[in-house]
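Residue numbers (this note's numbering): 11 to 597.
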């Protein structure tokens, strides 16, 4: 019994010490990575050798850099999805034609990242199999193209759209805990090839370099949570109510923006308020229009082809009523949602006209919704260039209760308060608390990049609530919810109104436990992997004098079985010949 157990243990130890070469797997890896489809083209990395020459080492370093940069850019652009519409309209204003550049850029970035990731996985698998790296020249060109794309795209967007980096930093307050776990898992899985080559390299310098780089990155990942802040890591029972939803230009994913149908859709989606932009027509009728011209959201190029660049305020109300303000929604499809509309909604949306401020306020009054709007001063030469505020106040006071209006325009604020003290004075600037109180400000209307739980709490203590714009993605809404924001202006009230809780919410104790357990389990696995490779390489060197036998896995087993069958067949044949010869001799 003891001898049988001893033999089994020796057999198990021999299997552990044997280095396996998975020929079909290695053949596939080498073919895809370096177009080395013939076995004679592949080289095993012998003990003491480096995994590659200097050129291939530089190529692998470039591949690693390309992987990191394409990952960073793809993550950045995915998190910027909240502002894709702004990006596309910015390009429309610059180029003069509509095209979904944001989606195209996302697809290109995803394509480059996928390509570089596949090459990186192939390289890691080859290293894990003890193979020398050889990257085909076509892949080297592909890596350089991916690298240059990531650098160029990052540089251009940083120059034209630098505020999006703030969005990236905000996203870490939601995604950092998950990124930390993912990063630790990635580094733990890399421990196998790192340990394999660490114990097979004879040079102390190379060993120190391999281990130093690996441990530096690993230590940084382990300690990342020390610098993490998220308002969504909070004690149970301290989460406030969900921010109220204000339809930004209505519900522009379900109907053309700033049309009556868009605001009706926002009300149906459960919005608590409505946001818009107001301009004064040449004959004194306040109407809804975000842009300075009518080119983007009407068919002015068909009705008034020679006035496409004329300011919207220079048209009379009868001229504005003759324009179609809905057909562009289907030709441009700004949010990619036009196809989701039913037949009746498509018909209604395609026939929308420019909406007046009075019609907008009547809808808000009937549904008891608060309203907030930007008010644009007419250009020089306009009849109401100096009385645009009085004209707007006349319409407001005759249509809706003033307490439902969040008055945002900062011009002549003291005069407005005298004329209508019931208006809820709202500031679009983050001014000192004393100045806000002196202007009787009750609400701040800020860009979401200004989000700060501490400032929001300080303003709330002074009875000043906060509205953030424009928040359309669930992760941003979750962050605003955790930060204590009172309301948000959104392009997607129909989506955010369905959320019953933030996407990420965890108590400090639970997060600390998750962090410590993740790091400890990772450290334990890495220690086991390094210990195994150390024991294995020493055992191989002791048992075979550095000449390490290869086990070709399935191929070797098949060959051994065939040899056994051939031996048995040969023995049987020889036995039959001997028997026949004996029979002949007897006769």
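Just so it is clear, CB atoms sit at the ideal spot from N, CA and C, and this is done for glycine as well.
- Please name the residue, chosen from 147, 196 and 275, that lies closest to residue 505 on a Cα-to-Cα basis. The shortest C-alpha separation from residue 505 is found at 275.
- Message: Can you find the residues in the same chain that come closer than 8 Å, C-beta to C-beta, to residue 73, ignoring five residues on each side of it along the sequence?
- Response: Cβ neighbours of residue 73 within its own chain (closer than 8 Å, five residues either side excluded): 126, 129, 130, 133, 145 and 153.
- Determine the closest residue to residue 393 out of 330, 369 and 294, with distance taken between C-alpha atoms. With respect to the C-alpha of residue 393, the residue from 330, 369 and 294 having the closest C-alpha is 294.
- Message: Between the region 370 to 389 and the region 285 to 294, can you find at least three pairs of beta-carbon atoms closer than 8 Å?
- Response: Three or more Cβ pairs drawn from the region 285 to 294 and the region 370 to 389 lie within less than 8 Å of each other, which places the two stretches in contact.
- Assigned exposure category for residue 528 - 16 Cβ within 10 Å defines buried: Around the beta-carbon of residue 528, 16 or more other beta-carbon atoms lie within 10 Å, marking it buried.
- Beta-carbon proximity check, residue 368 vs residue 409, cutoff 7 Å: Yes, they are a contact pair.
- Three-way DSSP call (helix, strand, coil) for residue 173 in this model: In this structure, DSSP gives residue 173 a state outside helix and strand, which the three-state scheme calls coil.
- Message: Assuming residue 83 and residue 120 are in contact, meaning their beta carbons sit under 8 Å apart, how far apart are those beta carbons, in whole angstroms?
- Response: Between residue 120 and residue 83 the Cβ distance is about 10 Å, and since that is not below 8 Å, they are no contact.
- Query: Can residue 315 and residue 491 be called in contact, C-beta distance under 7 Å?
  - Reply: Between residue 315 and residue 491, the CB-CB gap reaches or exceeds 7 Å.
- How is residue 207 classed by DSSP in three states: helix, strand or coil? Helix at residue 207.
- Are the beta-carbon atoms of residue 95 and residue 483 separated by less than 7 Å? In this structure, residue 95 keeps its C-beta atom at 7 Å or more from the C-beta atom of residue 483.
- Item | Straight-line Cα distance separating residue 374 from residue 198 | Cα to Cα, the separation comes out at about 57 Å.
- Query: What are the uninterrupted segments assigned as beta strand (DSSP E) that are 3 or more residues long and contained completely in the region 212 to 278, given in chain order?
  - Reply: Within the region 212 to 278, complete beta strand (DSSP E) segments of at least 3 residues are found at 254 to 258, given in chain order.
- Query: In the structure shown, what three-state DSSP assignment does residue 285 receive?
  - Reply: Here residue 285 sits in strand by DSSP.
- Query: Taking 6 Å as the cut-off, is the CB of residue 206 close to at least one heavy atom of the ligand COA?
  - Reply: The ligand COA is absent from the structure shown, which contains no ligand whatsoever.
- Message: Three Cβ pairs or more, each shorter than 8 Å: is that satisfied between the region 512 to 531 and the region 265 to 282?
- Response: No: the two stretches stay apart, fewer than three of their Cβ pairs being nearer than 8 Å.
- Span separating the alpha-carbon of residue 564 from that of residue 44: Since pLDDT at residue 564 reaches only 41, below the 50 mark, its modelled position is unreliable, and the value read off the structure follows with that caveat. Cα-Cα distance, rounded: 24 Å.
- Per DSSP, residue 7 forms a beta bridge with which residues? What is shown of the chain runs 11 to 597, which leaves residue 7 out entirely.
- Message: Can you tell me whether residue 385 is helix, strand or coil according to DSSP?
- Response: Three-state result, residue 385: strand.
- Item | Minimum length 3: unbroken beta strand (DSSP E) runs contained in the region 390 to 449 | List check, beta strand (DSSP E) in window: 415 to 417 and 434 to 437.
- Nearest to residue 321 by alpha carbon, out of 309, 245 and 301? Of the candidates 309, 245 and 301, the one whose C-alpha sits nearest the C-alpha of residue 321 is 301.
- Using 10 angstroms around the beta-carbon of residue 64, count the other beta-carbons present and answer buried if the total reaches 16, otherwise exposed. An exposed status is given to residue 64, since fewer than 16 other beta-carbon atoms sit within 10 Å of its beta-carbon.
- Exposed or buried, residue 98, counting other C-beta atoms within 10 Å across all chains shown (16 or more means buried)? With 16 or more Cβ atoms within 10 Å of its Cβ, residue 98 is classed as buried.
- Item | Candidates 115, 137 and 429: closest to residue 163 by CA position | Residue nearest to residue 163 within the set 115, 137 and 429 is 115 (criterion: CA-CA distance).
- Which term fits residue 271, buried or exposed, when burial requires 16 or more other beta carbons within 10 angstroms of its beta carbon? So residue 271 counts as buried.
- Query: In whole angstroms, what is the alpha-carbon distance linking residue 437 and residue 478?
  - Reply: Take the alpha-carbon of residue 437 and the one of residue 478: they are about 12 Å apart.
- Does the region 429 to 436 come within contact of the region 449 to 459, defined as at least 3 CB pairs closer than 8 Å? Segments in contact, yes.
- Item | Under the three-state DSSP convention, the category residue 516 falls into | If DSSP states are grouped into helix, strand and coil, residue 516 belongs with the strands.
- Query: Mapping DSSP to helix, strand and coil, what is residue 343?
  - Reply: Residue state, collapsed to three classes: coil.
- From which residue to which residue does the beta strand (DSSP E) around residue 334 run? Neither: residue 334 is in no beta strand (DSSP E) and is coded neither H nor E.
- Query: Per the contact definition of three or more C-beta pairs closer than 8 Å, is the region 329 to 341 in contact with the region 351 to 366?
  - Reply: Touching, yes, given that three or more Cβ pairs across the two stretches are closer than 8 Å.
- Below 8 Å, can you find three or more Cβ-Cβ pairs linking the region 198 to 211 to the region 532 to 545? The region 198 to 211 vs the region 532 to 545: in contact.
- Proximity winner among 285, 266, 355 and 457, relative to residue 255 (alpha-carbon distances): Between residue 255 and the set 285, 266, 355 and 457, the nearest pair of CA atoms involves 285.
- Anyone know if the C-beta pair for residue 181 and residue 79 falls short of 7 Å? The answer is no: Cβ separation not under 7 Å.
- Given a cut-off of 7 Å, decide if residue 176 and residue 459 are closer than it, judged by their beta-carbon atoms. Residue 176 sits close to residue 459, with the two beta carbons spaced by under 7 Å.
- Task: State the Cα-Cα distance for the pair residue 171 and residue 39, rounded to the nearest angstrom.
- Result: Looking at the backbone, the Cα of residue 171 and that of residue 39 are separated by about 41 Å.
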